[in-house]
Structure formats: C-alpha cells, structure tokens
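K.L.:
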Amino acid sequence: MVLSSISSTIARAASQDRPYEILLFPSAHIEVRPDADESDHKAFELEIASGAVYSWKYKNFRNIGEAYISNHEMELERLQFGRQFPKQTLLWLGRLHTPLGFWNSEYHHGLHLQSSVHRPGIVEYEDAGGILPNHVIGMLLRKNQNIGSSIVNVSFAFGSAAKIKDRELSSFNLDFESGFADSRHLTARIYFQPDELDELKYGIFYSQSTIPTDTNNLDKVRQKIFGAYTYQNWLAFNLTAATYYVNNDLNFINKTQESNFLSNYIHLEYEVTGDWMLYTRWEFSKGADNDAYLKLLDHDFSDKILGGVRLDFTRRQAISSEISRRSIDDDTHAHISIQWSAIFP
Amino acid sequence: MKKKCVILMLYCLLMSSSILAADKSVVLVANHQTNIEKLTPNDLKKVYLGLARKNGEVKIIPIRNHSDNVLHEVFLQHVIRMSSRYYERILTKMTLDSGVTRPKSFKSHNQLTKEIESNNNNITYMWSTQVENHPNLKVIQVIWRGESN
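Protein sequence lines correspond, in order, to chains B and A. Quick note on this note's numbering: the first sequence kicks off at 1 and runs consecutively. Quick note on this note's numbering: the second sequence kicks off at 1 and runs consecutively.
1) What residues in its chain sit with their C-beta under 7 Å from that of residue 284/B, if we drop five residues either side in the sequence?
2) In terms of residue numbering, what span does the beta strand (DSSP E) encompassing residue 104/A cover?
3) Which term fits residue 50/B, buried or exposed, when burial requires 16 or more other beta carbons within 10 angstroms of its beta carbon?
4) I believe residue 97/B touches residue 135/B by the beta-carbon criterion, under 8 Å. Please report the beta-carbon distance rounded to the nearest angstrom.
5) Cβ closer than 7 Å: which chain B residues qualify as neighbours of residue 96/A?
6) So, for residue 91/A: in the same chain, excluding its five sequence neighbours on each side, which residues have a beta-carbon less than 6 Å away from its beta-carbon?
7) Could you tell me the distance, in whole angstroms, from the CA atom of residue 52/A to the CA atom of residue 43/A?
8) Can you check whether the CB of residue 193/B is closer than 8 Å to the CB of residue 209/B?
9) For residue 88/A, decide whether its Cβ has a neighbour in chain B, counting only Cβ atoms nearer than 8 Å.
10) Can you name, in chain order, every residue of its own chain whose Cβ lies under 7 Å from the Cβ of residue 298/B, other than the five neighbours on each side?
11) Residue 36/A by DSSP, collapsed to three states: which one?
12) Three or more C-beta pairs under 8 Å: does that hold for the stretch 26-44 of chain A against the stretch 55-71 of chain A?
13) So, is the C-beta of residue 54/A closer than 8 Å to a C-beta in chain B?
14) In whole angstroms, what is the alpha-carbon distance linking residue 317/B and residue 21/B?
15) Counting contacts by CB-CB distance shorter than 8 Å, is residue 31/A in contact with chain B?
16) Anything in chain A within Cβ reach of residue 120/B, meaning under 8 Å, just list it in chain order.
17) Counting only beta-carbon separations shorter than 8 Å, does residue 63/B have a partner in chain A?
18) Taking 8 Å as the CB-CB cut-off, is residue 190/B touching chain A?
19) Cβ of residue 141/B less than 8 Å from any chain A Cβ?
20) To the nearest angstrom, report how far apart residue 74/B and residue 28/A are at their CA atoms.
21) For chain A, check one thing: does any of its Cβ atoms lie closer than 8 Å to the Cβ of residue 338/B?
22) Around the C-beta of residue 135/A, are 16 or more other C-beta atoms found within 10 angstroms, so that it is buried, or is it exposed?
23) Say whether the stretch 114-122 of chain A touches the stretch 77-84 of chain A, bearing in mind that this needs 3 or more beta-carbon pairs closer than 8 Å, one atom from each stretch.
24) Assuming residue 99/B contacts residue 243/B (C-beta within less than 8 Å), just tell me the rounded distance between them.
25) Spell out whether any CB of chain A is found under 8 Å from the CB atom of residue 13/B.
26) Give the residues of chain A in contact with residue 296/B, contact being defined as C-beta atoms less than 7 Å apart.
27) Helix or strand or just coil, what does DSSP make of residue 333/B?
28) When you compare each of 340/B, 323/B and 345/B to residue 34/B by their alpha carbons, which one comes out closest?
29) Helix, strand or coil for residue 114/B? Go by DSSP, reduced to three states.
30) Looking only at C-alpha atoms, which of 47/A, 34/A and 71/A sits nearest to residue 126/A?
31) Please decide whether residue 46/A counts as near chain B, where near means a Cβ-Cβ distance under 8 Å.
32) Less than 8 Å between the beta carbons of residue 90/B and residue 142/B, yes or no?
33) Could you give the distance in angstroms between the alpha-carbon of residue 335/B and the alpha-carbon of residue 108/B?
34) So, is residue 235/B buried or exposed, given that buried needs 16 or more other C-beta atoms within 10 angstroms?
35) Please report the straight-line C-alpha distance between residue 233/B and residue 86/A, rounded to a whole angstrom.
36) Within a Cβ cutoff of 6 Å, which residues of the same chain sit near residue 249/B, ignoring the five residues on either side of it in sequence?
Listed below in structure tokens is the structure:
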C-alpha cells in the first residue's frame, strides 16, 4: 500500500510537463544455499532493497542521482552532472558507472532490467565481492557517431576508482574516505551497433587502474583489462557474450609479481511469451584458481552455471527464480534464488 | 525485435476480439493546428525510441497511449516492433544513461486528448473511431489498418 501510494504520487509528478524523471527499483531477494558450510556462507539470506533514481534536464545540462538502500547497506550510487554538446557528445562529472563492458552499463543497479537474479561474477559490485572497479569518481565522455543507419559509440572514463581494504575491493564513495590518493582509473570502450533501431551490438574495451592496498608489503596493484562483448537477438532469443582478460602487476616493496586470468560469460534468454522468459548463463575462467590478485581478496571468484525463469506478471513487476552451481577449485555449491523486482512508475 | 511468440500471441488476441472491424484502424494523431507531416515508419520508431525529436524543423513530442491495452500492443507490434518488456527497458535505460525523460504516458483517454490539444508538437496514437468525435484532433497518418473478417 505504501509502495502503491508512493508510486501514484511519483506517477502524478511524472505526468506533468517537467524535465525530470523519478524512478524506484524496489526488490526482495531470497538466497538459499542447501550445502553451505556455515563457517563461510550463510545457508539463508534475505535482502530487501530499493534503488531510487532521479534525472533532471535543463537546456543542455543534465543531472542524475541514484541511491541504493537495503537491509544490508545504504549507498549514494551515482551523483553526476553533465553537459550535452553538439554532435551527440555528452560529458559527465561526478560518481559514475564505468563503461566496463556490456552488463555494467546496460543494467547496473536496475535489477528489474536484467533477466537474471545475479550479475555475472566478473562485473559484480565491489561491495558484494566484485573483483574489478565498476564505479569511478571523475569524468565520463560519451559520443555517438551515426554512419548511415549504424552507430559507433565511444565512451571514455577517467578518475579515481578503488582500493583494496580489509581484503575487499572498496570503491571510492562520496564520503571521500582517505586512501584513494594514489587510485587511478581509465576505461575506454567502443561499440558498434549495425542498426540504430535494433539492439545488436559489438564492443571492445580497455581499462587500466592503479589500486592502492592496505596489504602488508604490497603497495599497489597495477591492473589492465582487455575485453570484448556482443549482444545479439534473433527470433525470441537474446544472447550476451563477453570476455575479460585481466593482467595485474602486484607491486610489493621489494618485488613485482605478475598475474593473469581470463573470464568469460555467455548469457542466453528465450522469450517464451511476452511475460515468460527462460534464461541460462555459463561463466567460466582460465587461470583464476591460483591467481595472486584474486588471492588478495576474501570473496570467492567461481565458475558458474545457472538457469532461471522470469515472469513479468504486470508491466512493472517481475518474479524470477534461479538455480546455480558454483565451482571453486574442486568444490561445488548450489544456490537457489527467488527475487521480486519492480520499477515504478 | 522479431519475437515470433509475442507476435503470434498478439495475432491470436487480435483475431479473437471484435476490434477487427473493417473500418478499425490505428492512427497517428496531433492537434489540428500542427505542422507535423507524415512520418516514415523508421522515423516514427525513432521518435518513440527517443532517437529523433524533429520532423524537418518541427519539434515532435511523443506521448504513449496506455488507455487501451490492445491499442498499445498493436502500436508496439507495428511501429516499435518490440515486446513491451524490451521497449520499456530501452526507455528506462535512456533515462538512467543520459538523463532524458521517457515519453509521457496516459491511462485516461480524456487526459490524453487534452494533452494533445494543449501543444501543437504533441503526437500520439489512437483508434480511428476515437478521433471522429474530436474536431481539435488531426490524423497525420494511418499506422495500422484492421483487415476485414
């Protein structure tokens, strides 16, 4: 009832001729791990959350703010100020999402927008066990170039992104916590869309980061990421595939250690009807098992295979159920997830 | 998107309803004083995807008509050529990415009509029969024509 009341208030505001938009992304998520070792993982978890986004536009100026609140955390996800320039060029300043591949830009905290309950592990949020920086405080430049009916999009992000603290990747938040002075981040991405009226995409990206750490004797990690992705659709099938090659130089006080691994995912969706969708995803890596960079972090980075079903039972609400099997070294664990997600208005 | 299943379902829905009267069409509508001229199917799709906002030198403000589910589905099938879920996702992503607002939508036919009448740049889609009683509305073009049973 509260949600309905908030939603109708926002809907009334949105129906006026105003240059802003307010969106709510509430969700409730149950995670069950039948074979969980209680010392490492909880057997049952419940998360109730909501993202709230506002966007505002005045002439060529833009502003977007995004907050995320759950029973586990509260975070100002994004606060960005932009200016639209001629020739489809948009410059943003503030706390932003890095254009690291497809998933991070396409869905990010809009859980309702993605079909699966979980994000691919390689683009997991930093504070949820993620291993790559996907937020930056700095600038983001985006440009679209039309070539006939095709589009080439170039994105370039630069700023401070992450550090390793208490064996976790910690992103630079707007509380301006110390320890990020030496943090540097750059991501460049180019994608090609053969038809601007279709979503088919081919993209490549490169990212370079300097990640300070609080680990003994380890000053910083210099990280380079090379990647490529595609999004395809034909008939009732949608396919997303991406590959990430991650190269790290661990700068210890008296030596440098190099580590490399490759991570890939293939995500396939089948739209059974306009309301029902089946999906499956395969996440697999090479060289990640004993990777020196991954060993700096507490969270497990696992190969994963999952399958799920999503029902959009109204135009704004969906329920998804997903089962996954995760493999870490020689151990496998099952996860069962059920999620309600929505977007209002 | 060529979502065969969706299209098949919509087709069944349309076939089973009485809306397929020979004179039932979906039309693109604006204020009777508008300077907006006929749009190509691709231009109309671009307007509703937020990729274009002009017809020559005339600004276009698209408005979604949610007063009738079948009408909206016909519009999605014949103009946008995407499932509702996909279309909403693209519009939402546009707001999240670029800070631009989604096209307004109305569930009330009366409010929608008032909105169209209030600005020469507004456009929307309606059943042709709904326009007949509104002298202040102008049909720009037919975007779907029902076939006779």
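A virtual CB, placed ideally from N, CA and C, is assigned to each residue, including glycine.
P.N.:
So, from the data block:
1) 264 and 303
2) 104-106
3) buried
4) 6 Å
5) 53 and 110
6) 102
7) 7 Å
8) no
9) yes
10) 167 and 168
11) coil
12) yes
13) no
14) 19 Å
15) no
16) What residue 120/B touches in chain A: nothing, since even the nearest Cβ is about 18 Å away.
17) yes
18) no
19) no
20) 45 Å
21) no
22) exposed
23) no
24) Rounded, the Cβ-Cβ distance is 16 Å, inconsistent with contact.
25) Confidence at residue 13/B is low in this model, with a pLDDT of 47, below 50, so its placement is unreliable and the value that follows should be read with caution. Output row for residue 13/B: interface = no.
26) By Cβ distance, chain A contributes nothing, its closest Cβ being about 32 Å from residue 296/B, past 7 Å.
27) strand
28) 323/B
29) coil
30) 71/A
31) yes
32) yes
33) 21 Å
34) exposed
35) 12 Å
36) 222, 256 and 258
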